[in-house]
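In what follows, a single structure is set out as structure tokens and then discussed.
Number of protein chains: 2
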Amino acid sequence: MGEITIIGAGMMGSALCWPLSDNHHAVRLVGTFLDEEIISACQSTGIHPKLQRRLPQGVIPFSYQQMPEALRGAEVIVSGVSSFGVDWFARTVGPFLKPAVPVIAVTKGLEDQPNGDLHILPVVTNDRLPEDLKDQISLNAIGGPCISHELAARRHTGVIFCGKELQELQKLQNIFATNYYHIRLSIDVTGVEVCAALKNAYALGVGLAMGMMDQQGPDGLANMYNPQAALFAQSCLEMRRLLHITDGGVENVSWLPGAGDLFVTVFGGRTMRLGRLLGQGLSFYEARQRLAGETLESVEIITRVARALPKLAARGITRLEDFPLLLHLDQIINHGKVVNIPWNDFFLEA
Amino acid sequence: MGEITIIGAGMMGSALCWPLSDNHHAVRLVGTFLDEEIISACQSTGIHPKLQRRLPQGVIPFSYQQMPEALRGAEVIVSGVSSFGVDWFARTVGPFLKPAVPVIAVTKGLEDQPNGDLHILPVVTNDRLPEDLKDQISLNAIGGPCISHELAARRHTGVIFCGKELQELQKLQNIFATNYYHIRLSIDVTGVEVCAALKNAYALGVGLAMGMMDQQGPDGLANMYNPQAALFAQSCLEMRRLLHITDGGVENVSWLPGAGDLFVTVFGGRTMRLGRLLGQGLSFYEARQRLAGETLESVEIITRVARALPKLAARGITRLEDFPLLLHLDQIINHGKVVNIPWNDFFLEA
Chain X
0 MGEITIIGAG MMGSALCWPL SDNHHAVRLV GTFLDEEIIS ACQSTGIHPK
50 LQRRLPQGVI PFSYQQMPEA LRGAEVIVSG VSSFGVDWFA RTVGPFLKPA
100 VPVIAVTKGL EDQPNGDLHI LPVVTNDRLP EDLKDQISLN AIGGPCISHE
150 LAARRHTGVI FCGKELQELQ KLQNIFATNY YHIRLSIDVT GVEVCAALKN
200 AYALGVGLAM GMMDQQGPDG LANMYNPQAA LFAQSCLEMR RLLHITDGGV
250 ENVSWLPGAG DLFVTVFGGR TMRLGRLLGQ GLSFYEARQR LAGETLESVE
300 IITRVARALP KLAARGITRL EDFPLLLHLD QIINHGKVVN IPWNDFFLEA
Chain Y
0 MGEITIIGAG MMGSALCWPL SDNHHAVRLV GTFLDEEIIS ACQSTGIHPK
50 LQRRLPQGVI PFSYQQMPEA LRGAEVIVSG VSSFGVDWFA RTVGPFLKPA
100 VPVIAVTKGL EDQPNGDLHI LPVVTNDRLP EDLKDQISLN AIGGPCISHE
150 LAARRHTGVI FCGKELQELQ KLQNIFATNY YHIRLSIDVT GVEVCAALKN
200 AYALGVGLAM GMMDQQGPDG LANMYNPQAA LFAQSCLEMR RLLHITDGGV
250 ENVSWLPGAG DLFVTVFGGR TMRLGRLLGQ GLSFYEARQR LAGETLESVE
300 IITRVARALP KLAARGITRL EDFPLLLHLD QIINHGKVVN IPWNDFFLEA
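Just so you know, the protein sequences line up as chains X and Y, in that order. Numbering-wise, numbering that gives the first Met the number 0 puts 27 at position 28 of the first sequence, and it's gapless, one number per residue. Numbering-wise, numbering that gives the first Met the number 0 puts 174 at position 175 of the second sequence, and it's gapless, one number per residue.
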């Protein structure tokens, strides 16, 4: 049982302490420069302040100033940074990486290139590594439906580990899998990672339906699942089209990485809260103020994909009319529009 | 604006009165022999007792004894019977059908044949029609996520009308579509209908996770989405495999008919209530007693598919290990087993 180093003490990176500890690994949980409060709370109380739970046995919290020490001799390095931290990770942690030590990331995102191409984060990370380490590091990632609080509560969770090498993935599976953390493997890194990023965008779209109900007022029914389900279905359809563009496998939509992860994200937290506020009729400016301090990866991914699509359409790779929901979300977030779901543009040419 | 006759005054058939009335059609809502109480309540109060809502303008309730009169001159006939009523419909309504009058059904189900083949209900209905009408009647069906209460509340709802002839479907779309009832068309009748049936089976599977949480007791977290999402993902995967067997298009899983309809059914009512009771540890016998009087189509579809699979496997058409969730549900329902999710058998070979 070796040493595992987790870089980033946010909720998802930290939640991996539980399966790792249950498998008797020594875990070094290293905060980034943004995580100083979390780490000092962990050090003084033993309780992770965001997960509100005592860190399990064998987990030692480290400040980012102790990072070199915390990385020494690690068998696996986990990247627990958000999509905003990918540059930082490549620049700061990059020089410590070694070809024999696999990296596995919980980070979700896509980066649009000047020509409209959408790059998944393992590709982005590799591009930013020190020159001598490029294409030398095993960069893997985790997709699939997992709310960090629930993983830390040891609830049954099904995820996908994806990477280029099946053997490397099997090694990682052996290290992380428990009787509640169910890991399956995929070498379709693009397919899994595109879904992992997009689910944040589309969960915001499904969230609009909840806000629309709040705004409309009671009509004698407690729930509002038909509109949510219609938005869920249109989300799956647009995800399928984006997989097609990016050469990811479209079958990813119809199990853990796509529909499964979208399901959890719809109910999971800040993305839904933002969607609900927008659906109630707040402007994005007002909604963002209400959620001050929250990392809004959904906004970032919507913006990036919406910026890429016209370029991809101009290159003949796709058509704008295939993405009415995503483009409406972009209008709301970046162009001051109010919610007005373009139902007539939905569900065309499945 | 012609006359539309709906046969069956259950919730889903009756909910179609709202878009039809909004399109200024005259609607004849005809109860089956099981719906006498509903019809007499509608006739005396104007309120549909199951939907708890006043029937909209232009809808006239008819007893089944008045059926010949209610069918006379109908432009379209809607079959609103449950899957248990397909024989009755073919035998009783069949003789009144005419080649020029399309039928559209809300009924969901699959019928297993002695050799294991699974037949969709439009095929079953056609087989049971009077000899001279076989293959002469346009038999269409509705799939996609729609809770009847919400349709009657005129909430945005996205559905698929499926049938063999696109022109016929366009005619039906013109009759039913409103600014809240969004209809898309598909000539993949098998794909849509297999999803429509299976979602009832798999919603029961997702429901188990809720009951498992109830049984386990509080652990500080209100929700339990990771296990639900994992079951949702496995459901989508098994639906995809069943579409493959039945020659339905697998892409149906990743929009309205599959993931969309499963989403709504998970939250929608009796199927979830049954799953939750089973997840709490009740035997199927006990759970069924608690739900006395409810039509349990989920149980029927699980039983039929589980009966077909070994025959299909013996014929080399599929493998039993591809359906661990469905076969576990069958064990619970038909063989007295308690819930014990076979996680290790899930998510293999996506």
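C-beta: ideal position from N, C-alpha, C; glycine also.
Name, in chain order, the residues that DSSP records as bridge partners for residue 181 of chain X. Against the first sequence, residue 181 of chain X aligns to sequence position 182. Note: residue 181 of chain X sits in a beta bridge opposite X/157.
Residues of chain Y with CB closer than 7 Å to the CB of residue 13 of chain X, please, in chain order. In the first sequence, the residue the question calls residue 13 of chain X occupies position 14. Among the residues of chain Y, none has a CB under 7 Å from the CB of residue 13 of chain X; the nearest is roughly 15 Å distant.
May I ask you to list, following chain order, the residues of the stretch 244-261 of chain Y that have a beta carbon less than 9 Å from some beta carbon of chain B? No chain B appears in the structure shown, which is made up of the protein chains X and Y.
Assigned secondary structure, residue 148 of chain X (DSSP; H/G/I helix, E/B strand, else coil): The sequence position of residue 148 of chain X within the first sequence is 149, counting from 1. Three-state result, residue 148 of chain X: helix.
For residue 139 of chain X, which residues does DSSP report across the bridge? Within the first sequence, numbered from 1, the residue matching residue 139 of chain X stands at position 140. Partner(s): X/103.
Would residue 322 of chain Y count as contacting chain X if we go by Cβ distances under 8 Å? Locating residue 322 of chain Y in the second sequence gives position 323, where the first residue counts as 1. Chain X contact via Cβ: absent.
Who are the neighbours of residue 224 of chain Y on chain X, taking C-beta pairs under 8 Å? In the second sequence, the residue the question calls residue 224 of chain Y occupies position 225. By Cβ distance, chain X contributes 144, 146, 149, 262, 263, 266, 267.
Counting pairs of Cβ atoms below 8 Å between the stretch 326-338 of chain X and the stretch 279-298 of chain X, do you hit three or more? Yes, they touch.
The beta strand (DSSP E) enclosing residue 4 of chain X, as first and last residue numbers: By 1-based counting over the first sequence, the position of residue 4 of chain X is 5. Note, residue 4 of chain X: beta strand (DSSP E), 2-6.
Rounded to whole angstroms, what's the CA-CA distance from residue 317 of chain X to residue 10 of chain X? Just pull it up for me. Mapped onto the first sequence, residue 317 of chain X falls at position 318. Mapped onto the first sequence, residue 10 of chain X falls at position 11. One C-alpha to the other measures close to 36 Å.
DSSP-derived helix/strand/coil call for residue 38 of chain Y: Counting from one through the second sequence, the residue named residue 38 of chain Y turns up at place 39. Correct three-state label for residue 38 of chain Y: helix.
When Cβ atoms are compared, which residues of the stretch 34-64 of chain Y fall closer than 9 Å to chain X? Shown in chain order are the members of the stretch 34-64 of chain Y whose Cβ falls below 9 Å from a Cβ of chain X: 51, 52.
Is the distance from the Cβ of residue 138 of chain X to the Cβ of residue 121 of chain X below 8 Å? For the purposes of this step, residue 138 of chain X is taken as residue 139 along the first sequence, with counting starting at 1. For the purposes of this step, residue 121 of chain X is taken as residue 122 along the first sequence, with counting starting at 1. Going by C-beta atoms, residue 138 of chain X is nearer than 8 Å to residue 121 of chain X.
Against chain X: residues of the stretch 176-197 of chain Y by CB proximity under 7 Å: 181, 183
Among residues of its own chain, excluding the 5 on either side of residue 66 of chain X, which ones have a beta-carbon nearer than 8 Å to its beta-carbon? Here the question's residue 66 of chain X lines up with position 67 in the first sequence. Cβ neighbours of residue 66 of chain X beyond the five flanking positions: 6, 29, 91, 92, 95.
Taking the beta carbon of residue 227 of chain X as the centre, do at least 16 other beta carbons fall within 10 Å, making it buried, or is it exposed? Sequence index remark: in the first sequence, residue 227 of chain X carries index 228 (1-based). Per the 10 Å Cβ criterion, buried.
Residue 78 of chain Y in three-state terms, based on DSSP: Walking along the second sequence from the start, residue 78 of chain Y turns up at place 79. In the structure shown, residue 78 of chain Y falls within a strand segment according to DSSP collapsed to helix, strand and coil.
Using beta carbons (cut-off 8 Å, strictly below), is residue 161 of chain Y in contact with chain X? The residue given as residue 161 of chain Y occupies position 162 in the second sequence. Answer no: the Cβ-Cβ gap between residue 161 of chain Y and chain X never drops below 8 Å.
How is residue 186 of chain Y classed by DSSP in three states: helix, strand or coil? The count along the second sequence starts at 1 and reaches residue 186 of chain Y at position 187. Here residue 186 of chain Y sits in coil by DSSP.
Assuming contact is defined by CB atoms lying nearer than 8 Å, are residue 175 of chain X and residue 186 of chain X in contact in what I supplied? Along the first sequence, read from residue 1 onward, the residue named residue 175 of chain X stands at position 176. Along the first sequence, read from residue 1 onward, the residue named residue 186 of chain X stands at position 187. Contact: no.
Go ahead and pull the three-state DSSP assignment for residue 71 of chain Y. Numbered from its first residue, the second sequence carries residue 71 of chain Y at position 72. Note: residue 71 of chain Y maps to coil in three-state DSSP.
Out of X/69, X/296, X/78, X/315, which has the shortest C-alpha to C-alpha gap to residue 110 of chain X? Here residue 110 of chain X refers to the residue found at position 111 of the first sequence. It is X/296 whose Cα lies nearest to the Cα of residue 110 of chain X.
Count the other CB atoms within 10 Å of the CB of residue 1 of chain Y; is the residue buried (16 or more) or exposed (fewer)? Taking the first residue of the second sequence as 1, we reach residue 1 of chain Y at position 2. Answer is exposed; the Cβ neighbour count stays below 16.
Helix, strand or coil: which one does DSSP assign to residue 290 of chain X? Translated into positions along the first sequence, residue 290 of chain X becomes position 291. Residue state, collapsed to three classes: coil.
Return helix, strand or coil for residue 334 of chain X, following the three-state DSSP convention. Walking along the first sequence from the start, residue 334 of chain X turns up at place 335. Assignment of residue 334 of chain X by DSSP, reduced to helix, strand and coil, places it in the coil class.
Helix or strand or just coil, what does DSSP make of residue 318 of chain Y? Position 319 of the second sequence holds residue 318 of chain Y. It is coil, neither helix nor strand.
In chain X, which residues lie less than 7 Å from residue 306 of chain Y when you measure between Cβ atoms? Locating residue 306 of chain Y in the second sequence gives position 307, where the first residue counts as 1. Listed by position along chain X, the residues whose Cβ is nearer than 7 Å to that of residue 306 of chain Y form an empty set, because the closest Cβ is around 25 Å away.
Given 7 Å as the limit, tell me if residue 117 of chain X has its C-beta closer than that to any heavy atom belonging to the ligand ADP. Questions concerning the ligand ADP fall outside what the structure shown contains, since it holds no ligand whatsoever.
Does the distance from the CB of residue 40 of chain X to the CB of residue 254 of chain Y come in under 8 Å? Taking the first residue of the first sequence as position 1, residue 40 of chain X is located at position 41. Taking the first residue of the second sequence as position 1, residue 254 of chain Y is located at position 255. No, Cβ-Cβ distance for residue 40 of chain X and residue 254 of chain Y is not below 8 Å.
Beta-carbon gap between residue 270 of chain Y and residue 193 of chain Y smaller than 8 Å: On the second sequence, position 271 is the one that residue 270 of chain Y refers to. On the second sequence, position 194 is the one that residue 193 of chain Y refers to. No. Outside cutoff.
Do the stretch 38-54 of chain Y and the stretch 76-92 of chain Y make contact, defined as three or more Cβ pairs closer than 8 Å? Cβ pair count under 8 Å is below three, so no.
Using the three-state DSSP reduction, which class does residue 60 of chain X fall into: helix, strand or coil? As a first step, residue 60 of chain X is located in the first sequence; it is residue number 61 there, counting from the start. Three-state result, residue 60 of chain X: strand.
Answer with buried or exposed for residue 323 of chain Y, where buried requires no fewer than 16 other C-beta atoms within 10 angstroms of its C-beta. Within the second sequence, numbered from 1, the residue matching residue 323 of chain Y stands at position 324. Looking at its Cβ environment, which holds 16 or more other Cβ atoms inside 10 Å, residue 323 of chain Y is buried.
Could you check if residue 250 of chain X is buried or exposed, using at least 16 other CB atoms within 10 Å of its CB as the buried criterion? Taking the first residue of the first sequence as position 1, residue 250 of chain X is located at position 251. Flag for residue 250 of chain X reads buried.
At the level of alpha carbons, what is the spacing between residue 141 of chain Y and residue 14 of chain X? Here residue 141 of chain Y refers to the residue found at position 142 when the second sequence is read from its first residue. Here residue 14 of chain X refers to the residue found at position 15 when the first sequence is read from its first residue. In a straight line, the C-alpha of residue 141 of chain Y is about 43 Å away from that of residue 14 of chain X.
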